[in-house]
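Visitor:
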Amino acid sequence: MDRAIDAEELLDGPLDDSDALAANLRDLARINRLSGGGQLSLRAVRALGHAGSILDVGTGGADIPALLLADARRSGRRLAVTATDSRQEVLDAALAVRPSLAAMPDLTLAVADGRHLPYPGAAFDIGHASLVLHHLDERGAVEFLTELRRVARLGVVVNDLARGRWFWLGAMIVTHTFAASRFTRRDGPLSVRRAWTQAEMIELMRQAGIAPVATFSGFAHHRYAIAAR
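Following our numbering, the numbering of the sequence shown begins with 319 at its first residue and continues without gaps.
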């Protein structure tokens, strides 16, 4: 399947439908939980060693930061996560869906553009991004990964969809069966068409000056997480 380079998802446009946006964040959290997407990030973060701080770029509903923090608490480790999104509307919707985020220990929510992060070099142990890179073209993806590398001391974790006809069909079935938001039903299958294959993602990482040290795949190989240094 060729990459749909000129397509635009609803989430890339105006976000003035707050109900649809909130429903989309609920859908994505449910998909992350049921498909093991959050667990892929957890395994990749562990592969980079002990992390005391993580920057999550493009956090959406912040369900993966919440998962990482819960895992750290169970293990008796101290972890601080800064969860950013490029649009305030997304963070507002995340808080509306899950008000407890506002008081969650060691979690900071902030607005930041992943291609121009407002943090000094090596400010965090790990830079993490889930379901973000497929929104970008090659140049933007390399810029994004370069910035993530700049602010991360130990390494970078990228979690995203894999492109393929069977994966697209699976996304069509899942989103049109379970999704509550029109954003999810429209964007889910399109995200698969816009996604980078694992080999393409590794090449983008190479261009950004980072190299994979561990890769993890979803149960159907529809999704992957790459830990890189």
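Using N, Cα and C, we set each Cβ at its ideal position, and we do this for glycine too.
Looking at C-beta atoms only, is the number of pairs between the stretch 518-528 and the stretch 368-378 that lie closer than 8 Å three or more?
Guide: No: the two stretches stay apart, fewer than three of their Cβ pairs being nearer than 8 Å.
Visitor: Would you mind stating whether H494 and R483 have Cβ atoms separated by less than 8 Å?
Guide: It is not a contact, given that the beta carbons lie outside the stated cut-off.
Visitor: Compute the Euclidean distance between the alpha carbons of A325 and R512, then round it to the nearest angstrom.
Guide: The alpha-carbon atoms of A325 and R512 are separated by roughly 8 Å.
Visitor: If you drop the 5 nearest sequence neighbours on each side, which residues of the same chain put their C-beta closer than 7 Å to that of I411?
Guide: A small fix is needed here, since residue 411 is Ala in this sequence, not Ile. Result list for A411: S336, L339, A340, L343, in chain order.
Visitor: Within the stretch 454-491, note down every full alpha helix (DSSP H) run reaching 4 residues or more, in order along the chain.
Guide: Within the stretch 454-491, the complete alpha helix (DSSP H) runs of at least 4 residues are 456-469.
Visitor: Taking the beta strand (DSSP E) that S418 falls in, what are its first and last residues?
Guide: Where S418 is concerned, there is no enclosing beta strand (DSSP E), given that its DSSP letter is neither H nor E.
Visitor: Do L466 and A447 come within 8 Å of each other at the CB atom, strictly closer than that value?
Guide: Yes, the pair counts as a contact, with Cβ atoms nearer than the cut-off.
Visitor: Just tell me which of T402, D403, A388 has its CA closest to the CA of R396.
Guide: For R396, the nearest C-alpha among the options comes from A388.
Visitor: Measuring alpha carbon to alpha carbon, tell me which residue in L385, F485, A459 is nearest R541.
Guide: Answer by Cα proximity: F485.
Visitor: Under a Cβ-count criterion, where at least 16 other Cβ atoms within 10 Å of its own Cβ denotes burial, should G379 be classed as buried or exposed?
Guide: Buried.
Visitor: How is the alpha helix (DSSP H) around G506 delimited, first residue to last?
Guide: Element bounds for G506: 500-512.
Visitor: So the alpha helix (DSSP H) G355 belongs to, where does it begin and stop?
Guide: Where G355 is concerned, the enclosing alpha helix (DSSP H) stretches over 355-365.
Visitor: Since L328 contacts V408 with CB under 8 Å, what's their CB separation in whole angstroms?
Guide: Actually they are not in contact, since the Cβ atoms of L328 and V408 sit about 13 Å apart, beyond 8 Å.
Visitor: The alpha helix (DSSP H) spanning A532 covers which residue range?
Guide: First-last for A532: 530-535, but that is the beta strand (DSSP E), not the alpha helix (DSSP H).
Visitor: From what residue to what residue does the alpha helix (DSSP H) around R396 run?
Guide: Taken as a continuous stretch (DSSP letters only), R396 belongs to no alpha helix (DSSP H), as it is neither H nor E.
Visitor: Taking Q516 as the reference, give the member of A470, L386, V475, P383 with the closest Cα.
Guide: Residue V475 is the option with its Cα nearest to Q516.
Visitor: How many Å lie between R392 and L508 at the Cα?
Guide: Those two C-alpha atoms are separated by around 37 Å.
Visitor: Output needed for D505: all residues of its chain with C-beta closer than 7 Å, excluding positions within five of it in sequence on either side, in chain order.
Guide: Excluding positions up to five away in sequence, the list reads E327, L328, L329.
Visitor: Note down, in chain order, each residue of its chain lying with its Cβ closer than 6 Å to the Cβ of R471, except the 5 sequence neighbours on either side.
Guide: Excluding positions up to five away in sequence, the list reads A440, D443.
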